[in-house]
Amino acid sequence: MSADAADNCCAGRRRLLEGLAGIAVCASLPLAVSADTSPAKLPPQAGDLLATPSWDDNPRVITPADVKLKAAPLMVFPQDAASGVTREKSRLNQILLVRLDPKTLDAATTALAADGIVAYAGTCTHTGCGVTEWNDKTLHFVCPCHLSEFDPATAATRVAGPAPRPLPALPLKLENGQLLVAGAFTARVGGAKPA
Ligand code: FES
């Protein structure tokens, strides 16, 4: 891609995630799932809340009203509902949360969504960078490392760039007006496995 093309590609993107200075945007090292089973490192569990991390300016549990239609995604982490521990000690637990018009979601995505809100792993499936940008015209997630784009309305299908597979989805549900995790990620989170 030429520099001009790259610049054009960047037009309309919005940086995500204020207050995430504590997260490295890109990790060139292979990602490995930790065997550590401490609550703060466990992957998302059914029944978890979703919350901003402790280093956010205003750490809080996310409610459905916090997720605005077509707005840039919120970067959140699962939080154990019983203990209040936010599972923020693993970068693989970063979650992109966005609300779309339910009528625009395909059937597979509708099955994972809660009132138009969808959640995906925030780690790129190419080489594991953080997916930190948002194209507010196409409503696609954008990985800044090699410009892979993912469509949240179609189960985060890759629509541009070298990423080999979609971003894993995280099923959601609403209970008593609260947004909850409904199950595990639909696929392994992280970049391509080392050969
Ligand atoms: S790491 Fe995301 S496109 Fe390469």
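In this note's numbering, the protein residues as written are 1 to 195.
Note that the Cβ used here is the ideal one computed from N, Cα and C, for glycine as well.
Quantities reported herein were computed from a predicted structural model and do not represent experimental measurements.
Backbone CA spacing between residue i and residue j [nearest angstrom]
{"i": "histidine 140", "j": "tryptophan 134", "result": "6 Å"}
{"i": "lysine 137", "j": "alanine 72", "result": "11 Å"}
{"i": "lysine 89", "j": "methionine 75", "result": "14 Å"}
{"i": "alanine 187", "j": "arginine 165", "result": "10 Å"}
{"i": "glycine 177", "j": "alanine 65", "result": "10 Å"}
Own chain partners of residue i with C-beta closer than 6 Å, once the 5 adjacent residues on each side are dropped
{"i": "glycine 22", "result": "Only weak support exists for where glycine 22 lies, its pLDDT of 38 falling under 50; the value from the coordinates is given anyway. Trp55."}
Beta-carbon separation (whole angstroms), residue i vs residue j, contact threshold 8 Å
{"i": "isoleucine 62", "j": "leucine 96", "result": "About 12 Å separates the two Cβ atoms, so there is no contact after all."}
DSSP-derived helix/strand/coil call for residue i
{"i": "proline 78", "result": "strand"}
{"i": "alanine 65", "result": "helix"}
{"i": "lysine 41", "result": "coil"}
{"i": "threonine 154", "result": "helix"}
{"i": "arginine 99", "result": "strand"}
{"i": "threonine 123", "result": "strand"}
Beta-carbon contacts of residue i that lie in its chain and below 8 Å, excluding the five residues immediately before and after
{"i": "glutamine 79", "result": "Asp48, Leu49, Leu50, Ala51, Val61, Val85, Thr86, Arg87"}
Extent of the continuous alpha helix (DSSP H) to which residue i belongs
{"i": "alanine 108", "result": "107–110"}
Residue span of the beta strand (DSSP E) that contains residue i, given as start and end
{"i": "tryptophan 55", "result": "Where tryptophan 55 is concerned, there is no enclosing beta strand (DSSP E), given that its DSSP letter is neither H nor E."}
{"i": "histidine 140", "result": "140–142"}
{"i": "proline 173", "result": "According to the sequence shown, residue 173 is lysine rather than proline. Its beta strand (DSSP E) spans residues 172–175."}
Beta-carbon contacts of residue i that lie in its chain and below 7 Å, excluding the five residues immediately before and after
{"i": "alanine 184", "result": "Pro43, Pro44"}
{"i": "alanine 114", "result": "Leu172, Lys173, Leu174, Leu179"}
C-beta neighbour in chain B for residue i, strict 8 Å
{"i": "leucine 172", "result": "Protein chain content of the structure displayed is limited to a single chain, and chain B is not contained in it."}
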